[in-house]
Each structure stands twice: as structure tokens, then as C-alpha cells.
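These protein sequence lines are chains V and F, in that order. The first sequence begins at 7 in the numbering used here and counts up by one. The second sequence begins at 131 in the numbering used here and counts up by one.
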Amino acid sequence: MKDKEILAKISSGEESALDYLYKKYYRMMTNLVIENSGSEDEAKDIYQDALVVFWQKVNNGELVLTSKISTYIYSICLNLWRKELGRKSRLVHEEKDRTDFIKDDQEERIRIVHECIDELGDTCKKILSYHYFDGMSMTDIAEKMGYANTDTAKTKKYKCKEKLYELVRSKYSKSDFLD
Amino acid sequence: MHHNAEFESLVSRYLENEMSDLERLEFENRLINEPGLKEEYTFQKDVINGIKDHRRLSLKNRLDQIDPPGATNLFNLRNTTIVTGVAAAVGFALFWGADQLATEKPDSPVNITASNNTEIYIPKKEEIPAVPEVKFESAKESEAKTAKNNSLPTVKNNTTDVSEKTEETTLARKPEIVKPEIMEEIADNIPDIETEDPGDINQPDIEENVSRTELEVEMLKGNKKTIQYKFYNSKLYLIGDFDESPYEIIEYNSASVDEPRYYLYYYGKFYFLNSGQYKETPLVEIENEALIRELRALQRDK
């Protein structure tokens with residue numbers, strides 16, 4: 007598959023194109039991390055993150071590709087790994103108790119939100135993900151979801167968001183970290 | 131938390147970039163001075179970040195279930211054509227608490243005819259790759275040993291050595307012969323691969339299959355909140371705070387591949403166990419609905 011085809015597939019939301027890239031450049035990208043003090047697991051994690059970033063950038067139109075896809079993904083891996091090394095280094099020097107406390111609180115919030123997203127139907131999950139993560143326009147979402155027009159997509163998105171807010175609010179009020 | 135409709139609308143417009151520059155400036159000033167507005171802003175940011183994070187993890191989970199080059203390629207869905215009457219065999223090991231293992235393996239070549247007359251072939255012992263040699267005994271000897279062991283014939287303590295294990299294998303019930311109904315159900319539950327969303331990368335291909343369960347499992351106490359796992363020396367280690375609830379290891383064999391694929395069922399969820407995973411790693415929950423349906427069907431019919 008040529009780079010152009012891969013980009014076209016990713017733009018149209020074909021996740022199989024991501025699988026293809028993952029397999030194609032696995033060794034090249036993971037070696038980058040492994041050869042720079044990373045473990046196999048860290049390398050895999052960074053490479054997966056890099057592909058997700060790539061997916062997001064292609065879909066929300068941020069990407070102007072002036073090189074090969076592999077070169078671009080390689081640079082994302084490199085940046086992510088540098089950041090990770092920096093984070094690990096900072097963790098050693100920071101006051102652990104404080105960061106752990108904040109982390110626990112954030113993790114609890116994230117856990118609740120994830121739980122509520124899981125309770126939504128597939129349609130809502132897709133619409134909200136396409137809008138907030140993939141950065142797709144309401145016109146593209148309408149087309150992808152097979153809606154008659156953009157207004158239908160907007161209404162659906164609004165209702166899904168309200169439903170999610172309601173679910174999260176009810177669960178937040180049961181937790182004590184916001185009161 | 132308190133809910134204020136005006137704040138909700140304001141924050142939403144701000145986060146969706148629907149405000150003019152002047153409105154944004156005004157909003158940001160109010161944000162500093164009004165705790166209620168700040169609370170609503172934090173709430174909506176949390177939820178939006180949660181949506182992004184959820185999607186990110188779902189894409190990562192998808193990639194995680196792909197066997198990268200160099201690792202054992204267990205399933206190749208893309209080139210699979212599913213037809214009615216395809217055959218499958220699954221070895222199940224049911225565990226309570228820890229340290230018990232069931233082993234099963236066909237001991238003779240068997241030909242079964244499915245209800246739709248599709249012939250299912252289970253190969254001879256010598257055709258099964260990488261299976262430890264098994265000593266066969268008469269039914270009488272097996273019964274005597276079963277009584278002596280005073281336990282379910284297919285359950286063994288996984289601390290025993292290999293020689294004991296192969297002997298125990300002979301005590302297993304008669305070879306697992308897959309019933310045609312199972313095949314039909316699996317076939318029924320598999321959506322049309324050509325038209326299905328590609329999210330089903332983790333769905334195994336089902337062709338001719340062989341049943342053999344050789345996996346040893348050991349439970350270890352861990353200090354992390356989440357349950358982790360790893361494979362080492364062909365043994366599965368589950369690390370974490372397991373309670374007394376039963377869990378289940380599902381071994382999926384396909385004749386088109388060399389190695390079985392493993393799944394863990396625990397507290398109503400299925401997790402993928404990558405047999406190439408040598409370092410401790412958190413369990414990856416399976417989200418592919420087609421695969422979940424298939425695993426449930428196999429559980430029911432085991």
C-alpha cells in the first residue's frame with residue numbers, strides 16, 4: 007500500500023490502515039526506543055501512542071505530510087520517547103506523596119468518565135469520539151454515520167453529550183472529591 | 131455537584147470554540163472569579179478528556195491485539211473466509227482460586243461428520259505440532275488412578291513436574307470431540323468479515339482445529355491495583371489480587387497456526403493473553419463484540 011492510499015484510508019476512518027502501519031514499521035520504530043534505554047514494552051507502548059497521534063493528526067487535518075509516513079512516525083516516536091525519558095527523570099526528583107495524591111484524584115475522575123462512556127450506546131460513543139478525538143466536522147460525521155444532514159448529526163451529538171454529562175454528574179455526586 | 135444550566139451552556143460554547151474573541155475574554159475573566167463556573171469548566175474538560183482518552187485506549191487496545199512481526203502470528207483474520215459448517219475446537223481449563231489445571235488432548239485420529247455433512251478432521255497425534263508425548267492407558271487403569279487421586283480427572287496441581295503432567299493427561303476424560311452444534315453456532319455468530327467494520331482484527335479465523343490444552347497457570351500476589359500477566363517457560367503467570375471468584379482460561383486452537391491463543395474470563399469480562407508477552411503487563415480487555423459473542427458461545431458449549 008502506498009503512503010497516499012494509507013492516508014486516504016485513515017482519513018476515511020479505516021482502522022485497518024493503522025494495523026497495516028503497525029505491522030509494517032514495528033521493528034524499525036520499537037528498535038528506536040530499545041536502542042535508547044527503553045524496554046520492549048516501553049517501545050511497543052511508545053509506537054502505539056505514536057500511531058494514535060498520527061491517526062489523530064491525519065483525521066483532524068493538522069497533518070501536512072512533506073516526507074514519507076515512516077519518517078513522520080519515526081519523529082513522533084522520537085519525541086514521545088524523549089518526553090517519556092524526561093517524565094521518568096522528573097519523577098525521581100519530585101515529591102512523591104504530592105504527585106501520587108493528585109494522580110489518584112485524576113485517575114478516579116478518568117475512571118468514572120470511562121465507566122460512563124462504556125454505558126453509552128455505540129452510536130453515541132462513535133459520534134463523541136469522532137468529534138472530540140478525531141476532530142471530524144459535523145458534516146463528515148453526518149456522512150460517516152449515514153445521517154440525512156449536518157443538523158441531525160449536531161442534534162445527536164448534543165443529546166449524546168447531555169446523556170454522558172448526566173451519567174458522569176450522577177456518579178461524581180456519589181464521589182466525595184468534588185464536594 | 132451543583133448543576134447550573136447557564137454555566138453549562140457558557141462552558142460548552144467556550145470549549146467548542148463558538149465564542150467571539152470578546153466573549154472568550156469575558157468568559158476567562160469570569161472563570162477566575164466565579165468558583166461555580168470554574169467547577170463546570172473543570173467538569174466538562176474532564177468529560178471531554180475522558181472521551182479522548184477512551185478513544186485513544188480503544189485504538190491502542192486494537193493495536194495491542196495484533197501480533198507484531200517476529201512474534202508468533204496466531205490468527206490471520208483478513209484472509210479468512212468463514213463458511214457454514216467450519217470446525218473449531220476449544221480447550222477449556224476452569225480454575226477456582228489457584229493452582230489447578232485441566233489438560234485435555236485428543237488421543238486418536240477422529241473423523242466427525244457435522245450435521246450439514248461437512249467433514250471435520252482431527253489429525254492423528256503425530257500430526258499435532260509441539261505437543262508433549264502422551265502415554266495412553268486403558269480405561270480401567272485410568273479409572274483406578276482417578277479414584278486414587280480423588281479429584282476431577284482433568285484437574286491437576288500445576289506445581290507437578292512434566293512427567294507427572296503427561297501422565298495426568300492420560301487420566302483426562304475421553305478426547306474432546308467437538309460437537310457439530312458448536313461449529314454451527316460459531317459460524318452463526320460470525321459476522322460477514324468482508325463487510326464488517328475492521329475493528330474485528332482480534333477475531334480468530336476458524337478453519338480446521340485441534341483441541342489440546344497444555345497451559346500451566348500460576349497465581350502470584352502483586353502489589354499493583356490492576357491484574358497483570360506474563361508468559362514464561364510456557365507457563366502463564368497471573369499477578370494480582372485475585373479473590374475466590376472463579377476464572378476461566380480459554381485456549382483457542384486453529385489448525386492453520388502453530389500456537390494456541392489464550393483468553394481469560396474473569397468477572398464477566400474477557401481478556402486477551404498474548405503468549406509472547408514475557409514481561410508483566412496489565413490485562414487487555416477484549417472489546418470486539420463479535421469475538422466476545424464467539425467466546426461466550428464457546429463457554430456455553432464447552
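Where a beta carbon is used, it is the ideal one built from N, C-alpha and C, also for glycine.
- Taking a contact to require three or more Cβ pairs closer than 8 Å, the region 66 to 84 of chain V and the region 121 to 136 of chain V do not qualify as touching.
- Against chain V, the beta carbon of residue 196/F has neighbours under 8 Å at 25, 28, 29, listed in chain order.
- Counting only the Cα atoms, residue 141/F lies some 10 Å from residue 154/F.
- Put simply, the CB of residue 190/F is near chain V, with a gap under 7 Å to one of its CB atoms.
- Residue-level contact check: residue 119/V touches chain F, since one or more beta carbons of chain F fall below 7 Å from its beta carbon.
- Within chain V, the residues placing a beta-carbon under 7 Å from that of residue 178/F are 138, ordered along the chain.
- By the Cβ neighbour-count rule, residue 44/V is buried, with 16 or more other Cβ atoms within 10 Å of its own.
- As summarised for the region 139 to 183 of chain F, the continuous alpha helix (DSSP H) elements at least 4 residues long and confined to that stretch are 151 to 163, given in chain order.
- 7 Å or more divides the Cβ of residue 57/V from the Cβ of residue 97/V.
- Taking a 10 Å sphere around the C-beta of residue 36/V, we find 16 or more other C-beta atoms and assign the residue as buried.
- Secondary structure at residue 363/F: coil, using DSSP grouped into helix, strand and coil.
- Identification of chain F residues near residue 47/V by a Cβ-Cβ cut-off of 7 Å yields 409, 411, ordered along the chain.
- Using beta-carbon distances, residue 174/V counts as an interface residue toward chain F, with a partner under 7 Å.
- Closest option to residue 143/V, judged by alpha-carbon separation, among 74/V, 11/V, 17/V: 17/V.
- Within the DSSP secondary-structure output, residue 400/F pairs in a beta bridge with 395/F.
- DSSP, reduced to helix, strand and coil, places residue 358/F within a strand of the structure shown.
- Under the 7 Å criterion on CB atoms, residue 134/V is classed as interfacial with respect to chain F.
- Straight through space, the alpha carbons of residue 14/V and residue 28/V are spaced by roughly 16 Å.
- Proximity of residue 193/F to chain V, defined by a Cβ-Cβ separation below 7 Å, is satisfied.
- Not flagged as an interface residue toward chain F: residue 12/V, since no C-beta distance is shorter than 7 Å.
- Note on geometry: alpha-carbon atoms of residue 181/F and residue 351/F lie some 33 Å from one another.
- The DSSP-derived three-state label of residue 70/V is coil.
- When secondary structure is reduced to three states using DSSP, residue 345/F falls in the coil class, being assigned neither helix nor strand.
- The beta carbon of residue 64/V does not come within 7 Å of any beta carbon belonging to chain F, so the residue lies off that interface.
- Shown here, residue 21/V sits in coil according to DSSP, grouped into three states, outside any helix or strand.
- Residues of chain F with a Cβ closer than 7 Å to the Cβ of residue 115/V are, in chain order, 176.
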